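*Asks:*
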Amino acid sequence: MLKFLYLCLIRMVSGFFYFRKKSNIIYIMSFGNNLNLIKRMALKLSDHQKIIVLYDPKIEDAAIDLAAFGIKTIPFWNGLHFVFRILPIVMSGKTIFCDNYFPFLGGMFHPKSMKIIQLWHANGAIKKFGWGDPSTSKRSRLDKQRFQAVYNQFDEYVVASKAMGNVFINNYHADHSKIKLLGYPRSDRYLSQLWIDKIRKRVYRVAPELEQKRVILYAPTYRKGFHFNPPIGLFKALSADPNAVVVLRLHPIFYRKNRISYINNPRIHFYRELSTSELLSVTNTLVTDYSSVAFDFSLLPNAHSLIFFMYDLDQYRLTTGIQEHLDNWLPSKPIKNVDDLENAIKDNRLTDFKHFNQVWNTYNDGHATERVVQRYILKDNKGV
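Residue numbering for the sequence shown follows this note's numbering, beginning at 4 and increasing consecutively.
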């Protein structure tokens, strides 16, 4: 009931600003991985426009970076503050970029002069969400209506492949005509040697012990209620390769809920001051499960081997959902036990990413930012 009343209030207040002049570019940011795109857009705006970034306080560092560039940034959170302070700003948007699912959209009026773009925070998807999540079928009729009301607000979906377009068609019930094959701007950096060299220098300043090493990055996806226990196969494999080190990259919630400092091994590291993207730039072997980090890693020149440790695959398929035909496009066979994980790390076989990238990174060629800016900033400004 509270959610329903909140959306009613959203609708009422947004209706009050329905006829407000639409000229601004609004970027609603919950992930700080598209900063270069935001800066490029700011540089291309016409004189009467400005870009405003509304950001989740959890990524304040990204907002500070943008603010230093001269871009207006405003933190937001749900509640009356959002309704009366932030929503009027949203309603000034001619083009609104979203990098996630934002529930308030389900109640907001959507004038024809406003375009809402879904610029998802990941290149691809192994797990299902939206209507594809098995738990959605168990939700109430009103919950389902709320979900679809949010999905229906998006005018276009920026994707890097037909495969990801189909994810939104199936999981959000998006129309085929809304899918725009432009590539993900956030992926351009992985194809830039300049970015790679710059980031590697930073990584080695923070973690000089990783230089000239075979870096094995373990980056599992977030699971609600999951208690982290590092798979023993990771550590046993170290004995076979004296040049290897393991880096643990966990979801921030894992750090808060699990005490992992007990791992007393000088060849096992975790760095809170380094982002996943930064660590990927020096990673040779990535061990993950259902995380979208695999789609980023496959673009990097240092990507040697990709191992999917899916010990709970059958259960995960039932509880969360897995994208169709997984075995047809996954670049390496899922591993379900620690002995096979140990052997895969020791073997260190080169992973062939060609088919995987053809399926999921089709339009990630290093020029996605240019195409997005051209379509949503330069092209739209011609009609002003």
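In this text, a Cβ means the ideal position worked out from N, Cα and C, and glycines have one as well.
Note that the structure is predicted; figures quoted are calculated from it, not measured.
1. To the nearest angstrom, report how far apart T286 and R217 are at their CA atoms.
2. If you count every other CB in all the chains shown that lies within 10 Å of the CB of R192, and 16 or more means buried, which is it?
3. Which parts of the stretch 122-157 are runs of the alpha helix (DSSP H), unbroken and 4 residues or longer, counting only runs that do not cross its ends?
4. Near A306, which residues of its chain fall below 6 Å by C-beta distance, leaving aside the five closest residues on each side in sequence?
5. List the whole-angstrom C-beta distance separating R352 from S308, where the pair is believed to meet the contact cut-off of C-beta under 8 Å.
6. Given a threshold of 16 other Cβ atoms within 10 Å of its Cβ, counted over all protein chains shown, does C101 qualify as buried or as exposed?
7. Note down, in chain order, each residue of its chain lying with its Cβ closer than 7 Å to the Cβ of W332, except the 5 sequence neighbours on either side.
8. What residues match up with P78 in a beta bridge as DSSP calls it?
9. Inspect the CB distances between the stretch 167-185 and the stretch 202-219 and report whether three or more fall short of 8 Å.
10. Taking C-alpha atoms, which residue in G110, V250, F238 lies nearest to S17?
11. So the beta strand (DSSP E) F311 belongs to, where does it begin and stop?
12. Let me confirm a value: Q148 is counted as buried when at least 16 other C-beta atoms fall within 10 Å, else exposed. Which label applies?
13. I'd like to know whether the C-beta atoms of Y187 and W134 end up nearer to each other than 9 Å.
14. Between the stretch 116-130 and the stretch 163-172, can you find at least three pairs of beta-carbon atoms closer than 8 Å?
15. For D64, which residues in the same chain have their Cβ closer than 8 Å to its Cβ, ignoring the five residues on either side in sequence?
16. Give the DSSP-derived three-state secondary structure of R252 in the structure shown.
17. Quick one: complete beta strand (DSSP E) runs, 3+ long, within the stretch 283-346?
18. Does DSSP classify R208 as helix, strand or coil?
19. Would you report the Cα separation of S33 and N103, rounded to the nearest angstrom?
20. Counting Cβ pairs, one atom from each stretch, are 3 or more of them under 8 Å apart for the stretch 81-99 and the stretch 8-24?
21. May I ask you to report which of helix, strand or coil DSSP gives L90?
22. From the DSSP secondary-structure annotation, give me the bridge partner or partners of E159.
23. Let me check one thing: in DSSP terms, what residues is N27 bridge-paired to?
24. Counting Cβ pairs closer than 8 Å, one from the stretch 308-327 and one from the stretch 268-281, do we hit at least three?
25. How about the stretch 341-348 and the stretch 367-374: do they share at least three Cβ pairs that are nearer than 8 Å?
26. Within the same chain, show all residues whose beta-carbon is closer than 8 Å to that of D355, passing over the 5 residues directly before and after it, in chain order.
27. Considering only DSSP beta bridges, list what C101 is partnered with.
28. If I follow the unbroken alpha helix (DSSP H) through R217, where does it start and stop?
29. Consider the C-beta atom of Y319 and the heavy atoms of the ligand SAM; say whether any pair is separated by less than 8 Å.
30. Short of 7 Å in beta carbon distance, which residues of its chain neighbour V375, apart from the five on each side in sequence? Order them along the chain.
*Replies:* To lay it out plainly:
1. Mapped onto the sequence shown, residue 286 falls at position 283. Mapped onto the sequence shown, residue 217 falls at position 214. If I take the Cα positions, the gap works out to 7 Å.
2. Residue numbering aside, residue 192 sits at position 189 when the sequence shown is read from its first letter. When all chains shown are included, R192 counts as buried.
3. 144-154
4. Locating residue 306 in the sequence shown gives position 303, where the first residue counts as 1. So the list reads F300, once near-sequence residues are dropped.
5. Residue mapping note: residue 352 aligns to position 349 of the sequence shown, counting from 1. Residue mapping note: residue 308 aligns to position 305 of the sequence shown, counting from 1. Right, the Cβ-Cβ distance comes to about 6 Å (below 8 Å), so this counts as a contact.
6. Numbered from its first residue, the sequence shown carries residue 101 at position 98. Answer is buried; the Cβ neighbour count reaches 16.
7. Mapped onto the sequence shown, residue 332 falls at position 329. The residues are H358, F359, V362.
8. Position 75 of the sequence shown, counted from the start, is the residue given in the question as residue 78. For P78, which the question treats as bridged, DSSP gives the partners Y58.
9. no
10. Counted from its first residue, the sequence shown places residue 17 at position 14. For S17, the nearest C-alpha among the options comes from G110.
11. Within the sequence shown, residue 311 is the residue found at index 308, counting from 1. 308-311 is the span of the beta strand (DSSP E), which, as asked, contains F311.
12. Here residue 148 refers to the residue found at position 145 of the sequence shown. It counts as exposed.
13. For this step, residue 187 is matched to residue 184 along the sequence shown. For this step, residue 134 is matched to residue 131 along the sequence shown. Not closer than 9 Å, so no.
14. yes
15. Within the sequence shown, residue 64 is the residue found at index 61, counting from 1. Within the same chain, D64 has close Cβ partners G35.
16. Position 249 of the sequence shown, counted from the first residue, corresponds to residue 252. Of the three classes helix, strand and coil, the one that applies to R252 here is coil, per DSSP.
17. 288-291, 308-311
18. Within the sequence shown, numbered from 1, the residue matching residue 208 stands at position 205. Three-state result, R208: helix.
19. In the sequence shown, counting from the first residue as 1, residue 33 sits at position 30. In the sequence shown, counting from the first residue as 1, residue 103 sits at position 100. The straight-line gap from Cα to Cα measures roughly 7 Å.
20. yes
21. Start at 1 with the first residue of the sequence shown, and residue 90 comes out as number 87. Note: L90 maps to helix in three-state DSSP.
22. Here residue 159 refers to the residue found at position 156 when the sequence shown is read from its first residue. Bridge partners of E159: I120.
23. By 1-based counting over the sequence shown, the position of residue 27 is 24. DSSP, once it has assigned bridges, lists G96 as partnering N27.
24. no
25. no
26. Counting from one through the sequence shown, the residue named residue 355 turns up at place 352. Closer than 8 Å at the Cβ level, and outside the excluded window around D355, lie P334.
27. Taking the first residue of the sequence shown as position 1, residue 101 is located at position 98. Paired residues: I31, Q121.
28. What you label residue 217 is simply residue 214 of the sequence shown in a count that begins at 1. Looking at the DSSP string, R217 is not in any alpha helix (DSSP H); the run it does join, the beta strand (DSSP E), is 217-221.
29. This structure lacks the ligand SAM; in fact it carries no ligand of any kind.
30. Sequence index remark: in the sequence shown, residue 375 carries index 372 (1-based). Only L40, V161, L185, P188 meet the Cβ criterion.
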